[in-house]
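To start, the structure itself, in structure tokens.
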Amino acid sequence: GFNLSAVRAAASDALNRAATSDTWERASRAASELSARAAAAKTAAKERLARDTATGGGGPVLPTSQPPLTPAQSEAAFSNLLSQATVPLEALRRLCFIDGVPDGVASTPRLRALAWKLLLGYLPPDRAEWPSHLRSQRALYAAWRQELTVDPRRPPDDAAAVGGEAMCLASGASQPLEEAGLDHPLADQTGSAWREWHADEDLRSEIQKDVDRTMPEYMFFSREQPTGRTHAATIARVLFVYAKLNPGIRYVQGMNELVAPIYYAFCAEIESDSSLRDAVAAFTDGAGQEGYEGGGAGAAGGP
């Protein structure tokens with residue numbers, strides 16, 4: 007009555023259960039260790055933050071059982087860091103990581119926008135450099151928008167177009183570029199402005215499809231509202247400029263979701279301060295009707 011197959015099956019089942027149980031136990035222990043390490047890292051970060059923000063560095067470590075900062079205390083901590091002549095980026099990074107920018111205080115829009123700009127490297131730590139840096143960044147963005155926007159209908163009256171015609175003639179052609187067919191709407195030759203324009207339109211269409219689906223549940227981005235359409239157009243232009251400047255990367259689906267919260271934070275800052283709205287009008291289409299790519303003034307500039 008000895009059944010070798012049944013014994014083998016029972017032994018295999020027992021081994022599988024043992025292996026599964028052992029794997030589960032090891033995974034559970036690893037998860038516990040990771041959780042403990044994360045808690046220890048957060049505690050150490052709070053201790054360093056206490057030294058940097060409360061005592062200026064090198065002071066006594068505050069008890070780890072200290073309750074979270076109130077919105078007013080957090081606002082004061084952020085304001086203290088951001089008002090220094092050279093903003094300590096590591097302390098700012100830790101403060102953002104531990105408590106985040108406080109909500110519900112008057113300075114929330116400004117603090118959040120400045121934190122983004124500094125930690126993303128858009129603003130230098132030296133506050134004295136902010137005004138000149140912002141001016142140069144706005145001017146650079148305006149130049150990029152103009153340079154990267156191809157208009158095949160524009161008469162070839164600039165130096166580049168004249169130079170292009172001269173090159174065409176010098177190479178043996180008997181006609182200027184547009185007469186040779188390079189600027190015909192259906193032209194597909196390298197160097198055709200129409201060919202580049204069609205490629206740009208395809209890129210814009212790809213970007214716009216994603217931008218139109220960006221956070222529609224929020225009124226700020228709703229395409230059913232005029233302001234929502236304005237913000238969508240602005241985000242699309244930012245992504246288009248980035249794609250043209252980085253042909254090896256171009257646009258990748260999901261970039262709109264990365265730009266949207268940053269753009270919202272910058273807009274919230276501008277909306278909270280009328281002086282900033284006036285400052286960006288010259289850098290937007292229609293005197294401020296096309297979003298806020300130009301950014302704010304003083305200590306608060308946009309992308």
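When you read off a place in the sequence shown, starting at 1, and then add 6, the result is the number in this note's numbering. The beta carbon of each residue, even a glycine, is placed where N, CA and C say it ideally should be.
Asked                                                                                                                                                                                       : Found
Along the alpha helix (DSSP H) that carries GLU263, what are the first and last residues, could you check?                                                                                  : 261-277
Is there contact between the region 215-224 and the region 262-271, where contact requires at least three CB pairs shorter than 8 Å?                                                        : yes
I'd like to know whether the C-beta atoms of PRO131 and VAL156 end up nearer to each other than 8 Å.                                                                                        : no
Quick check on ARG243: does DSSP put it in helix, strand or coil?                                                                                                                           : helix
Identify, in the order they occur along the chain, each residue of the same chain with its Cβ nearer than 8 Å to the Cβ of SER177, setting aside the five sequence neighbours on each side. : Any answer about SER177 is weak, because its pLDDT of 44 lies below 50 and its placement is not dependable; what the coordinates show is given next. If we look at SER177 and ignore the five residues flanking it on each side, it has no Cβ neighbours.
For VAL107, does the count of other Cβ atoms within 10 angstroms reach 16, so buried, or fall short, so exposed?                                                                            : buried
Apply the 10 Å Cβ neighbour rule to ARG243 and answer buried if 16 or more other Cβ atoms are within range, or exposed otherwise.                                                           : buried
Nearest-angstrom Cα distance between ILE213 and ALA239?                                                                                                                                     : 10 Å
According to DSSP, which residues form a beta bridge with THR92?                                                                                                                            : ASP132
Taking ASP109 as the reference, give the member of GLY234, TYR224, ALA82 with the closest Cα.                                                                                               : ALA82
Less than 8 Å separating the beta-carbons of ALA199 and PRO158?                                                                                                                             : yes
What's the C-alpha gap between ALA149 and LEU140?                                                                                                                                           : 14 Å
Which residue's Cα is closest to the Cα of VAL247: SER85, ASP206, LEU87?                                                                                                                    : ASP206
Just mark GLY234 as buried or exposed, buried being the case when its beta carbon has 16 or more other beta carbons within 10 Å.                                                            : buried
Can you round the beta-carbon distance between ALA119 and ALA271 to whole angstroms, since I take them to be within the 8 Å contact cut?                                                    : 5 Å
Does chain B have any CB closer than 8 Å to the CB of ALA42?                                                                                                                                : This model lacks chain B altogether, as it is built from one protein chain only.
When we look at the beta-carbon of THR114 and count the other beta-carbons within 10 Å, is it buried (16 or more) or exposed?                                                               : buried
Can you find the residues in the same chain that come closer than 8 Å, C-beta to C-beta, to SER228, ignoring five residues on each side of it along the sequence?                           : PRO222, GLY234
Mapping the DSSP letters down to three states, classify GLY234 as helix, strand or coil.                                                                                                    : helix
When we look at the beta-carbon of GLU135 and count the other beta-carbons within 10 Å, is it buried (16 or more) or exposed?                                                               : exposed
For a quick check, are the C-beta atoms of TYR257 and LEU209 less than 8 Å apart?                                                                                                           : yes
Take SER278 and list the residues in its own chain whose beta-carbon comes closer than 6 Å to its own, dropping the five residues that flank it on each side.                               : PRO115
Is DSSP giving ILE213 helix, strand or coil here?                                                                                                                                           : helix
Determine the DSSP secondary structure at ILE104, reduced to helix, strand or coil.                                                                                                         : helix
Which residue comes first and which comes last in the alpha helix (DSSP H) that contains PRO115?                                                                                            : 114-125
Could you check how far apart the C-beta atoms of LEU98 and LEU125 are, in whole angstroms? I think they sit under 8 Å.                                                                     : 7 Å
Helix, strand or coil, according to DSSP, for ASN252 in the structure here?                                                                                                                 : coil
Among residues of its own chain, excluding the 5 on either side of ILE241, which ones have a beta-carbon nearer than 8 Å to its beta-carbon?                                                : VAL217, THR220, ASN262, VAL265, ALA266, TYR269, GLY297
Around the C-beta of LEU146, are 16 or more other C-beta atoms found within 10 angstroms, so that it is buried, or is it exposed?                                                           : exposed
Determine the contact status of ASP105 and LEU154, defining contact as a CB-CB distance below 8 Å.                                                                                          : no
In its own chain, which residues sit with a C-beta less than 7 Å from the C-beta of SER80, not counting the 5 before and 5 after it?                                                        : ASP105, PRO108
Exposed or buried, LEU245, counting other C-beta atoms within 10 Å across all chains shown (16 or more means buried)?                                                                       : buried
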